[in-house]
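Chains as they are written, first to last, in the working numbering: chain A, 53 to 171; chain B, 53 to 171. Glycine residues also receive a C-beta, built at the ideal position from the N, C-alpha and C atoms. Since the structure comes first, as structure tokens, the remarks are kept for the end.
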DNA sequence: GGCATATTCAACCAAATGGTTGACGAACGA
DNA sequence: TCGTTCGTCAACCATTTGGTTGAATATGCC
């Protein structure tokens, strides 16, 4: 079942926290260093670093170290997958899920063959 | 900030659990009683009842008691809100509905009348 | 009334979460 | 080299989570 995907677990869990959603919003504007991400929050740098780790594990952002600075970059693909899953409910109420899963598989395999569905 | 919405918190948190997503999938087919929802899971009825409570608080389902039986019904509106939030990250091809419809059409024509899938 | 069915409540538990602080390593610049 | 900045690690803490069990509350049926 597509709904069992641990990737969806990670994505939705990452999105369930307002701090993390705010971080994503910030990264929408531009790539940022960890310290700069943390700046507007009343929270320790460590806490933000953990949030970024969660976003990164979920594939929602990527992080690249350049010198001392670690740059954070929005990676919308994971969001896209989750969005597609959601739209199967929001708009395709009457639609056959099997067909939709096949569609997803075809879509995903054309981009990322490694994503273990049905795990 | 739109990303701070506690409604989004609830929605995404509810979606972050594979059991709850599976429940939503089941409800996609038809309304169900709590006991029937619980049946396929290797988990106590109480646990399922809690999951349904979480889905209900998130607005993803509604529950209506008729006699002894409490019927659970999918409520796609909350999903739509979250989906809209995700689309605000518009960097990904806003879920390709056209592609999916074409896919469906292709499926139907290749499978011909053999599709017993029934909408 | 009395018993079965449907669902929730209360109490409990282990594990995970989101946060803290202090110490640490790695990279920069004077 | 020395101090500063950037970021993570380790340990800890309170709260929440997802699950259990057993009792309780409705409701329906004979």
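Residue i classed as buried or exposed, judged by whether at least 16 other C-beta atoms fall within 10 angstroms
i, result
"residue 119(A)", "exposed"
"residue 121(B)", "exposed"
"residue 96(B)", "exposed"
"residue 143(B)", "Caution is warranted here: a pLDDT of 44 is assigned to residue 143(B), below 50, making its placement in the model unreliable, and no coordinate value can be reported."
"residue 99(B)", "exposed"
"residue 75(B)", "buried"
"residue 136(A)", "buried"
"residue 146(A)", "Because residue 146(A) sits at a pLDDT of 39, beneath the cut-off of 50, its placement in the model cannot be relied upon, and the point is left open."
"residue 117(B)", "exposed"
"residue 59(B)", "exposed"
DSSP beta-bridge partners of residue i
i, result
"residue 84(A)", "124(A)"
Per-residue DSSP class, three states only, for residue i
i, result
"residue 108(B)", "helix"
"residue 114(B)", "strand"
"residue 93(B)", "coil"
"residue 57(A)", "coil"
"residue 46(B)", "Look at the range of chain B in this structure, 53 to 171, and you will see that residue 46(B) is not part of it."
"residue 68(B)", "coil"
"residue 63(A)", "helix"
Option in the options with minimal Cα separation from residue i
i, options, result
"residue 83(B)", "125(B), 134(B), 59(B) and 139(B)", "125(B)"
"residue 105(B)", "58(B), 139(B) and 62(B)", "62(B)"
"residue 90(A)", "134(A), 139(A), 123(A) and 138(A)", "123(A)"
"residue 134(A)", "57(B), 87(B), 93(B) and 68(B)", "68(B)"
"residue 93(A)", "73(A), 138(A) and 81(A)", "73(A)"
"residue 70(A)", "107(A), 85(A) and 88(A)", "107(A)"
"residue 102(A)", "77(A), 140(A) and 66(A)", "66(A)"
- Task: Decide if the segment 125-135 of chain B is in contact with the segment 103-112 of chain B; the criterion is three or more beta carbon pairs, one per stretch, under 8 Å apart.
- Result: The answer is yes - the segment 103-112 of chain B touches the segment 125-135 of chain B, with three or more Cβ pairs under 8 Å.
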